[in-house]
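Read through the structure below, which is laid out as structure tokens, and then see the notes.
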Amino acid sequence: MKEADQKRAATAFVKRWQDRGNERQDSQTFWLDLLETVYDIPNPGEYISFEDRVMLDHTSFIDGFIDTTKVLIEQKGRNKSLFDGIRQSDGSLLSPFEQAKRYSANLPYSKRPRWIITSNFTQFFVYDMEQPNGGCKLIPETTFKRGYNE
Numbered sequence: 001m002k003e004a005d006q007k008r009a010a011t012a013f014v015k016r017w018q019d020r021g022n023e024r025q026d027s028q029t030f031w032l033d034l035l036e037t038v039y040d041i042p043n044p045g046e047y048i049s050f051e052d053r054v055m056l057d058h059t060s061f062i063d064g065f066i067d068t069t070k071v072l073i074e075q076k077g078r079n080k081s082l083f084d085g086i087r088q089s090d091g092s093l094l095s096p097f098e099q100a101k102r103y104s105a106n107l108p109y110s111k112r113p114r115w116i117i118t119s120n121f122t123q124f125f126v127y128d129m130e131q132p133n134g135g136c137k138l139i140p141e142t143t144f145k146r147g148y149n150e
């Protein structure tokens, strides 16, 4: 995909998703749409899996995982903070990143992610697990729009 086409696709994507963002109803469609229309990945469902089981003291589910690039996705609803603790089913309070790291620690070594992405439909935080204490790169919606609405 040419850069100009990708910019148009990203602008259309942002418009389609500006009023949506329910974690349970929209997450899978959101990621499939992003991968296919903005990143030009045909049949993205062949690369990303959703709701993979991970055993903690109970069974939990990973929102999204791209095995070929070792990306684990923890998706939250539009109005959820990506930094604040969210009560888990075991009663603990974990940020989305801490939740994703807990999932990662309970995966077989060969399945552990290189990258963790947390998103709330308006922001994307990208963590490089080669530097797990190095913080994250924030890609907010406004930057995404500014970069693709020229």
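With UniProt numbering applied, the sequence shown covers 1 to 150. In this text, a Cβ means the ideal position worked out from N, Cα and C, and glycines have one as well.
As the crow flies, the alpha-carbon of D52 is around 12 Å from that of S104. Closest option to W17, judged by alpha-carbon separation, among L82, F50, G77, D90: G77. For L72, the enclosing beta strand (DSSP E) starts and ends at 71-75. DSSP places T118 inside the beta strand (DSSP E), whose first and last residues are 115-119.
Taking C-beta atoms as the reference points, G21 and L32 fail to come closer than 8 Å. When only Cα atoms are considered, I62 and A100 end up about 8 Å apart. Excluding the 5 residues flanking it on each side, G85 has same chain C-beta neighbours closer than 7 Å at L93, L94, S95, in chain order. With contacts defined by Cβ atoms closer than 8 Å, P113 and K70 form a contacting pair. About 6 Å separates the beta carbon of S89 from that of H58, a gap short enough to meet the 8 Å contact definition. In this structure, the straight-line span from the alpha carbon of T29 to that of R8 is close to 19 Å. According to the DSSP secondary-structure assignment, Y127 is paired through a beta bridge with I116. Inside the segment 73-101, DSSP marks no whole beta strand (DSSP E) run of 3 or more residues. Counting along the chain, R53 sits inside the beta strand (DSSP E) bounded by residues 48-55.
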